[in-house]
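Only one structure is covered here, and it is reproduced in the block below.
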Amino acid sequence: DYYSRLYSVQLLTAICSARPERLQECILSAPLGVSRLVGILDDARDAVRNAGLVLLVDLTSGANEDLRKIVAFEDVYGKVFALIQMEGGLAEAGITAQDCLSLLAHLIKGSSSNQTMFREGGCVTQMVRLVAEAFPPNEEEAAFVAQGRERATWGLLQLLGLFLEAGESSTPQNQAAFFRMGSAQVLLDLGFCADLTTPLRILALKCAAALIASNPPIQEAFAALTVEVHASSEPTKPSGQVNGTKSTPSSNRGSARQSAEKPRTYVIEALLDLTLASPQDESSLRAAGCTLIQAYLAGHDRIRWHFLQRAIAGHAEHEQAANVLTTLLHPGAEPQSIVFASWIVADLLADHPEAKAALAAVREGNENEGEDVLTSIQALGSQLQSALQPTPDERLIAAYAGLLTLLLWEFASGVNDLLSEGSGLLQALVTGANPNSGDAVVAGVAASLLGTLYEFSTKDSPIPRRTLAPLLTRKLGRSKYLEALTLLRRHPAVRDADLEGPSEDSLLSAKFIDLFMNEYTRLRRAVDKDPGVEVLPPSAAEAGVDRDVLDELRGQLQATKDALTQAQQEALTASQQAEQDRLTSAKELQTSTSEVERLRKINEAMQNGHQSELEKLAREHEQARQQAANEQQRAFGAAKAEADRQSEARLREQAAAGAQKVAELERRIAELGNEKRNGQKQHADITRQLDQLTSRHTELGNQEQQVRRQLEDLTPRHSQLENEHARMKEEVQKAKADLETTKSDAEKRGELAERLTAQIKELREELAGKDDELAGERKGYGELEKEVEELKTKLESAEKQFAEAEKRAKDAEGKVGQGEQVVKAAKEEAEKAAKKAEDADGKLKAAEQQAKEAEGKVATAEKKAKDVEAKLQAAEKKAKDAEGKVTAAEQKAKDVEGKVQAAEKKAKDAEGKLTAAEKKAKDAEGKVTTAEKNAKDAEIKVQAAEKKAKDAEGKVQAAEKKAKDAESKVQAAEKKANEAMKDSSSKAGNKKGGEKANDKTAEDNNKKVTELETKLASLQKEVSEAQATASTAQTTTAETRAELEKARTDLSAAQEALEKTKSDLETLKTKLDAAQEGEKSAKEELESMLLVMGDIEAKRDGYRSKIREMGGEVSEEEEDESSDDDGDEDEDEE
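Numbering (our numbering), first residue to last: 10 to 1143.
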């Protein structure tokens, strides 16, 4: 089957060149298609095997990731290395070795999984062995063999570079694996092998740079490597340490090339010698050495600092070894060496302020020998000035100007140092920055340095900003300055730096190009900046600050401090004044209290005097009664006495009836007073409950505002999560729309609640004012009622005594005439007593008026004291509120952290709770809507309750007014009744016509009393209605309060459910994304593994044996798995 197999492979190769994508699909769909293609490499016939190799190279060129993974799984790495060795190694394999390396490059490029398989399959050792075969033999060989070795070495080094691409996730592991296998030493020996061609040496040094770049452990170990020193580049042995390495002779024990004993030196010393002290070598090779030094310094601040300190020490000790500072500061150095030295120093100084300060402290010149002592910055400026005239050297100008720009950027002290000796340099820079007189690079770097000097100079600089400004705007010109920057920006070395990387022919360092690209806009704006505006340190804003403005601001700050001190003094004085006012108010309160006590004592004295007068009247009345009794013994005869007795009995009955009615009216008035007090007490309770309800409603409104703010803060985050989730679940999108609607309704209700809260606050303030007035009136009214009660008690005792006198008068019925005179005298005495009682009442009212005035003064003093205390309490409350807010913010931060931890803990069962979370979201939205509706209903009920309370208060006031009118009418009726009794007594001795007139007067009195009773009943009814209304308002208020509390509870529960639902949705989305990614990755891996699993199991043992034969290692985990698999098979057989 030789020809059929060969022609089939060639036919597939032709198809691959015409339809590569279709052929890849067919091979992937064919069972074991890839395995059979890779198996061609094991064919013993060279033609078939080589044709299969070419087919695999063409097939994997541009193939998708899946096909390349499957090919790599077929043990293609081991077969390729075995094929190279079978063909005679790297030197004799010829085109076959090149095709094998091309196949490896196609499989490795951009595939981290294939690189991992290569690394773990023991292929790194075999690759390093191949690299070691790149050294030419000691004896002569044919030209075509040497040419084949060079081409294979070139391809092998290019393949190695694919493992070390910067920025890839697998690069650190690849660097560690290759460095561990000794590839760094092999590459260094290739780079310093004089028998190799220069391109191979350059590529080897670049691969070494990629091997150690940005990997601190490898960078630290790299400095300990050594290389052979050849006669053409043998450096002068220094007396000590050179740039971080100590030079000591060593053997070739670490070399990858077997040769005779030759002197060796540390790699950093050798690289510095190659870069700075080997002008006979090609510039590209020296540039590669410089690149390796830069890779050694990249990303390792400690190495950079040690390298700089060692260079400074070597320069100070005048060592003869290659030194970057000596190359830069001493005139007469080779221009290309200066360029490379500037690149290395630029890497040392970039983003390292301490390194800039250390370099600026270096001095050049011996003062003892009469030389001028210059700082390193001034020496660099002097070298740049020399390079600018008379015949400008492009390389030197680019090196020194680029380095100075990087050194002086955001380094104001360095700018001042350069300007102190820089007048001639400025003139040379202005001339060199003219785009019409020189190269674009020279003009661009000169303009960049000028812009840096102007940007970071100050008015205190040796050459102030106001002096530098005319150099840019007048002598050079704004347009030429901007044109020079534009030409540099358009130069290929700068323009294509991001796309192609730093060019070997470029004169500018990569750090300068990065700085120029990032700060290009700032350099262009520098020429337009006002000379009065200075740039602050790097931590300040880019725009800078005007020194005049700064001085003015400092003055304003001092004035502000003085004003603050004065304000604090005034605050202290105000607090002392407030304390003094408080003490004064307390003193006035004490004085008012003593005055009230004095008036109370006066009132008690007046009451005692009134009591004594009443007792005196009672004694006089008793004496008069006794005289009347004595005179009644001398009464008229029996007949006249009988008639008079009947008339007197009738009159007594009418008087008793009138007195009884008066007593009943007084009793009813007392009951009305009690009911009024009860109503006032209930009204006070209702008012207090209404205040409590209002405060609770205010708290609920505040909580609702806080919840709305929290919802507003969470809205952007929630919207983003819902947008992402909407692509997978349409129902969640609907829930989001409902939530947005609910939120807008909540905001509207929140605004309505704020308006209602403001109205309730106004009503509460008005009600509080009325309560204060009512309390004052109630207090005065209570004392008046007390006095009236005492007078009523005295009047009842007087009436009781009068009744006893009437009872005793019945015994003298026979003595009518004498009885009439006695009654008349007694009535006159009663009128006198009543008059005295009225005088006593007047005095009592005057005392009460004085007491009220005193109480008013006390209330005023108390109000002032309360105002002072309220101000103090308000200040304390603000401080407490601030502390409470801080505590609340900290508590919220802790709560947020707790919620985040809880959300992360719930991420494991997120998928199973998706449906429940959506249902909870709907329920929460419904609860929010219900709670907001209940809150709105509660607010309406609160308003209704407040309205009813106001109506009840109005009715109570009307009832009180009517009660007062009734009392006045009762007093008028009592007065008329007394007049009627007096008239009836005066006409007791008249005849029957007089008796009829008396009867008529009594009937009129009874009629008036009946009318008064009717009015009193109507007043009682109104008072009862007012009490019922107040009771209803109280009940409604209690119900409203309960409903409001329930609504607040429901709203809190709904908000908690809504927050929990949002957290669940976020957790679900994160878990769902992770699950989808895991599912996608699992599917890809499963599809790949299903295609090759059967064949891999069959070839596993052979694969391990071949790895051991080629010198690879089988990990302990694989051996354990193998033993486990064998044990499982044994158990299955049993």
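Just so it is clear, CB atoms sit at the ideal spot from N, CA and C, and this is done for glycine as well.
Item                                                                                                                  : Value
Buried versus exposed, by CB contacts within 10 Å (16 or more), T245                                                  : With a pLDDT of only 39 at T245, under the threshold of 50, the placement of this residue in the model should not be trusted; the figure read from the coordinates follows. Label assigned to T245: exposed.
Every unbroken alpha helix (DSSP H) within the segment 630-707, with a cutoff of 4 residues, ordered by chain         : none
Contact check, H500 vs G453, beta carbons under 8 Å                                                                   : yes
One or two residues paired with E373 in a DSSP bridge                                                                 : L383
Spatial neighbours of V251 in its chain, beta-carbon cut-off 6 Å, leaving aside the 5 residues before and after       : A caution first: V251 carries a pLDDT of 45, below 50, which makes its placement in the model unreliable, though a value can still be read off. If we look at V251 and ignore the five residues flanking it on each side, its Cβ neighbours are E278 and A330.
F153 burial status per 10 Å Cβ neighbour count (16 or more: buried)                                                   : exposed
V236, enclosing beta strand (DSSP E) - first and last residue                                                         : T235 to E237
Cα-Cα separation between A185 and R534, rounded to whole angstroms                                                    : 46 Å
Status (buried if at least 16 other CB within 10 Å, exposed otherwise) for S192                                       : buried
Alpha-carbon to alpha-carbon, A572 and S584                                                                           : 18 Å
Short Cβ contact (8 Å threshold) for D469 with E403                                                                   : no
Ordered list of alpha helix (DSSP H) runs contained in the segment 379-446, each at least 4 residues                  : 385-397, 403-417, 421-428 and 432-441
S530, buried or exposed, once every other Cβ within 10 Å from all chains shown has been counted against 16            : Just to set this straight, residue 530 is Thr in the shown sequence, not Ser. So T530 ends up on the exposed side.
Proximity winner among P473, Q394, L168 and R676, relative to V133 (alpha-carbon distances)                           : L168
Cβ shell of P473 (< 6 Å), same chain only, five flanking positions each side left out                                 : none
Same chain, Cβ closer than 8 Å to G441, neighbours up to 5 away in sequence not counted                               : L397, P401, I406, G447, V451, A452 and A455
Three-state secondary structure assigned by DSSP to V544                                                              : coil
Supposed close pair Q394, G433 - CB separation, criterion 8 Å                                                         : 6 Å
Segments assigned alpha helix (DSSP H), at least 4 residues, entirely inside the segment 104-130                      : 104-117 and 121-129
Residues of its chain near V137, where Cβ-Cβ distance is below 8 Å and the 5 sequence neighbours each way are ignored : F187, M190, G191, S192 and V195
Assigned secondary structure, R563 (DSSP; H/G/I helix, E/B strand, else coil)                                         : helix
A842 in three-state terms, based on DSSP                                                                              : Below a pLDDT of 50, predicted positions are generally treated as unreliable, and A842, at 48, falls in that range; the measurement from the model is reported next regardless. Helix, per DSSP.
C-beta atoms of G298 and L280 nearer than 8 Å                                                                         : yes
Whole-angstrom distance between K365 and F525, CA atom to CA atom                                                     : 18 Å
As assigned by DSSP and simplified to three states, the class of R54                                                  : coil
Status (buried if at least 16 other CB within 10 Å, exposed otherwise) for G564                                       : exposed
T1155, DSSP secondary structure in three states                                                                       : Summary: the structure shown does not reach residue 1155, with the chain confined to residues 10 through 1143, and so no result is reported for it.
N59 versus T105: straight-line alpha-carbon distance, rounded                                                         : 7 Å
Where the alpha helix (DSSP H) through N527 begins and ends                                                           : A519 to N527
Range of the contiguous alpha helix (DSSP H) that encloses F144                                                       : Per DSSP, F144 belongs to no alpha helix (DSSP H) and is neither H nor E.
Distance between I522 and R504 (C-alpha atoms, nearest Å)                                                             : 9 Å
C-beta atoms of L50 and L62 nearer than 8 Å                                                                           : yes
Residue from E291, S111 and E1065 with nearest C-alpha to V66                                                         : S111
Residue interval of the alpha helix (DSSP H) (run including D356)                                                     : P344 to L358
Segment contact flag, the segment 384-393 with the segment 333-349, C-beta cutoff 8 Å, min 3 pairs                    : yes
Spatial distance of Q6 from H706 (CA atoms)                                                                           : Lying before the first or after the last residue shown, residue 6 is absent from the chain, which here runs from 10 to 1143.
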